[in-house]
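Position one of the sequence shown corresponds to residue 9 (the numbering used here), numbered consecutively onward.
Worksheet: one structure, shown below.
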Amino acid sequence: MAQKKKVKQKKQTFVTDLYIELIGIGLILLSILTLGQLGIIGTFLKRIFLFVFGEFFWVVALAMIINGGKMIFSRKVPTFFTTRQIGYYLMFIAFISFSHLPVYREFNAHNTPLLSGMVNYYWNNDVLNTTFTVGGGFIGSVIYGIFVPLMTAIGLYILSLVILCYGTLLVFNLTFKDVYEGIKLSRLEYREKRMKKVKKATKPKVKKRSDQEEIEEEAEELNAMIDTTTPIFDFENDEVTITTFDQEVELQEEGEEELEFKISDFAEKIKQEKVEPHSTIETFMSDENYTLPPLDLLVDYQQTNNSQRMLVSAKAQARKLEDTFKNFDVKAKVQEVHIGPAVTRFEILPNVGVKVSKIIGLTDDIALALAAKGIRIEAPIPGKSAIGIEVPNPKQTLVTFKEIVKEVPQKQQSEKLLMVLGRDISGKTVYSPLNKMPHLLVAGATGSGKSVCINTIICSILMRATPNEVKMLMIDPKKVELNGYNGVPHLLAPVVTDPRLASLALKKVVTEMEYRYELFSESGTRNIEGYNDYVRHQNEMNEIKKTVLPFVVVIIDELADLMMVASKEVEECIMRLTQMARAAGIHLIIATQRPSVDVITGVIKANIPSRIAFGVSSAVDSRTIIDMPGAEKLLGKGDMLFLPMGASNPTRVQGAFISDEEVVRIVEFIKNQVQHEEIKQDFLENLEQGQSESNTMEDPLMREVLSYIIESKKVSASLLQRRFRIGYNRAARIVDDLESAGLIGPSEGSKPREVLMSEGQCQELMSNLK
């Protein structure tokens, strides 16, 4: 029975398809006969077509051929009332109206009624061989007969122009506002070209400094600054309301004299007012004599308006996005569009019942429709009942460090550890105080912007904190990224580049943390803010003045290199600092390419809640950094995902750019306020000596062990076990400490180790032991 039904259905489908094909063939045949005026049928059809449609009868015949072909090949009856086809109908009516104007004037001159006169003339004359035009035919006569008494011929002509324009807009899926914006954009482009020609013709040939040329090259790569936050589409009233803020960033073209920065004026003023600094451990100079670096040290950029081009592009992409949803039967609309520095986010409002997973599954199809390099979908947007689709802009824009620093709110100006990061997708300034984070992990592939981000964080602190308010310890195993900050009075020690010395530096910080907790315990306070308030209150009451504690920021660039050389010591120190150092005012900023388990353990990652992820190669690397995918979709050149403490979803930020020359200006300005010999560097005093002695001072038996080694001239773990009646772990640890200090040689299998120290060195070392 079921088989009979299937056969019957197939038969019905075949018959229907056959009818459609026959109708299509018939339309094509009739059109050919009409256009060629073939035989009696062709002549009759042409007279009918001429009478109805006038001089434009051939347009109808061509339309019949096209639709007939569609019916033959698609076996479907074409739709005749789509938006585009309605536009074609309106254009056809407008052309008929224009072509019928001479016929109207001819009949009007002889006072002949238009409609009846047209019918009589047509049937009483051979219109196929006459030179008299039939204009718009019967349709044209009906149009003129109805509208001329209502609005005269001139009014009908104007109405026809409007209909023609509107039909054209429907055909090309445009609005009158789109046309206006396109004309405005073309005028802006024309003006820009003229301005460039004028600049080229009038620009003086001035030799620029090489540093400035480097900044210009970097700025040209990053292009323009765009910030748009208002919704483009409002579906309640179908109107487009757009307010844009657009900045195309170009370096200011100045002569060599204007570009060259002069620090001498500031330095001379400071030297005149300078008082002899206090020779204390905590401070090297009074804050009264210290001037914070001004914004004048940063490079100025010219800004030109470039919003129209981005708006037209965003609106076109929004329409493509909605068309893509329609093609895949997903009922959703574009609610808002935010144009950011690097990406444009389209906020999609799905209809009730549409699954979020269905939209996420269209990621590749959306990227194909928008011709985008890659898109990122945020589903849903936190705090909104919408889905965010982030599409890269045609040109990634430049966010300068100076403009971000300027836009920090006044209430945040007193924050000494405030970090400025850049702009988010909606164009808002992104900043965060480091003491609230309290530690930060920065990770991403090589060349994605980690070092520039570290420089912006350091310069943010240097431009708002004195050396007595914030101290820094910088560890740079690469030896090139942070060396430029050497000589800055904020440093506890010169930039540490030796990984072996880095572990000692971190131990010093741990010791400082423990010392601060002892101070807190004695004063009955719980954190650095409470202790400093306590000290200020005591200084007002007593003559003996105490020193307030500065914040300490430990910056480690490329932790993976550090862990390869001294993993055990470094890991222990970082673990203790991340667990306990927040209340003591000690904060860590750790940068690495990929924070895998062998680089950062789970305990350390758990105590670094704030993360910044730059571009990575895979979703696995993204999960390693921020515990979720997304960083693999980033574009590089400062494009980051910022996940502060307490946030459930990361914020996409275009990082602020600071050039090497701007960093040098800030550092030189600070260094010019103090002589280099006045900077105290006792934090890592005799570091090499401490490296050889630090481990040997730990065990209480070390003095006896050294005495025994000098007497016996041999040493091994089993020998120390038997001689001092200690366990193997302790004996092996003592042997390792002696080897790392260079006092004994390496293991040679079953043979005892060689003793390298002399009796005099042993006596000197024993005298230094506690």
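C-beta atoms are modelled at their ideal positions from N, C-alpha and C, and glycine is treated no differently.
- Excluding sequence positions up to five before and after TYR97, its CB lies within less than 8 Å of the CB of GLY175, all in the same chain and listed in chain order.
- Taking 8 Å as the cut-off, the beta carbon of ILE634 is found closer than this to the beta carbon of ALA621.
- In the displayed model, GLN769 falls within a helix according to three-state DSSP.
- A contact between stretches requires three or more CB pairs, one per stretch, nearer than 8 Å, and the stretch 564–582 fails this requirement with the stretch 536–543.
- For the pair GLU398 and ILE433, the CB atoms are nearer than the 8 Å cut-off.
- Contact annotation: the stretch 484–491 does not touch the stretch 543–559, with fewer than three C-beta pairs closer than 8 Å.
- In chain order, ALA453, GLU640 place their CB closer than 8 Å to the CB of SER625, counting only its own chain and leaving out the 5 sequence neighbours on each side.
- Residues of the same chain with a CB within less than 6 Å of the CB of GLU63, apart from the 5 flanking positions on each side, are SER107 in chain order.
- For VAL682, no beta strand (DSSP E) encloses it, and the DSSP letter there is neither H nor E.
- With a cut-off of 8 Å on Cβ pairs, the stretch 578–592 is not in contact with the stretch 416–424, counting fewer than three such pairs.
- The beta carbon of ARG741 lies closer than 8 Å to those of ASP707 in the same chain, with the five residues before and after it left out.
- In the DSSP secondary-structure assignment, HIS595 is bridged to VAL561.
- Using a Cβ distance threshold of 8 Å, PHE677 and LEU305 count as a contacting pair.
- Considering only PHE155, VAL307, PHE180, GLY646, the residue with the shortest C-alpha distance to SER168 is PHE155.
- Assignment of beta-bridge partners to MET653 by DSSP yields no partner.
- Pairing VAL179 with ALA324, the inter-Cα distance amounts to about 15 Å.
- Ranked by Cα distance from GLY153, the options MET471, VAL170, SER529, LEU123 are led by LEU123.
- Rounded to whole angstroms, the gap between the alpha carbons of ILE616 and GLU189 is 49 Å.
- When DSSP states are grouped into helix, strand and coil, GLN601 belongs to the coil group.
- Around the CB of PRO475, 16 or more other CB atoms lie within 10 Å, so the residue is classed as buried.
- According to the DSSP assignment, GLU522 belongs to no beta strand (DSSP E) but to the alpha helix (DSSP H) extending over 507–531.
- Counting only residues of its own chain and dropping the five nearest sequence neighbours on each side, CYS581 has a CB closer than 8 Å to the CB of SER511, LEU514, LYS515, VAL517, VAL518.
- Under DSSP, the beta-bridge partners assigned to GLU386 are GLY396.
- In the DSSP annotation of this structure, the continuous segment of the alpha helix (DSSP H) that includes GLU719 starts and ends at 710–720.
- DSSP places PRO637 in the coil class of the three-state scheme, outside both helix and strand.
- For HIS346, the enclosing beta strand (DSSP E) starts and ends at 340–347.
- In the assembly as shown, HIS545 is an exposed residue. Its beta-carbon has fewer than 16 other beta-carbons within 10 Å.
- For the stretch 73–113, the full-length alpha helix (DSSP H) segments reaching 4 residues or more read 91–107 along the chain.
- One thing to note: PHE354 has its Cβ no nearer than 8 Å to the Cβ of VAL364.
- Counting the other Cβ atoms within 10 Å of the Cβ of HIS447 gives 16 or more, which makes it buried.
- ALA375 and LYS381 have their alpha carbons spaced roughly 7 Å apart.
- The stretch 387–395 makes no contact with the stretch 427–443: fewer than 3 CB pairs, one atom from each, lie closer than 8 Å.
- Per DSSP, LEU426 lies in no alpha helix (DSSP H); the unbroken beta strand (DSSP E) holding it starts and ends at 426–432.
- Spatial neighbours of ALA394 in its own chain (CB-CB distance under 7 Å, excluding positions within 5 residues in sequence) are listed in chain order as GLN343, GLU355, ILE356, LEU357, PRO388.
- With distances taken between CA atoms, GLY495 lies nearest to VAL672 out of ALA161, VAL672, PHE100, GLY50.
- Contact annotation, LEU193 with ARG317: C-beta distance approximately 6 Å; criterion of less than 8 Å satisfied.
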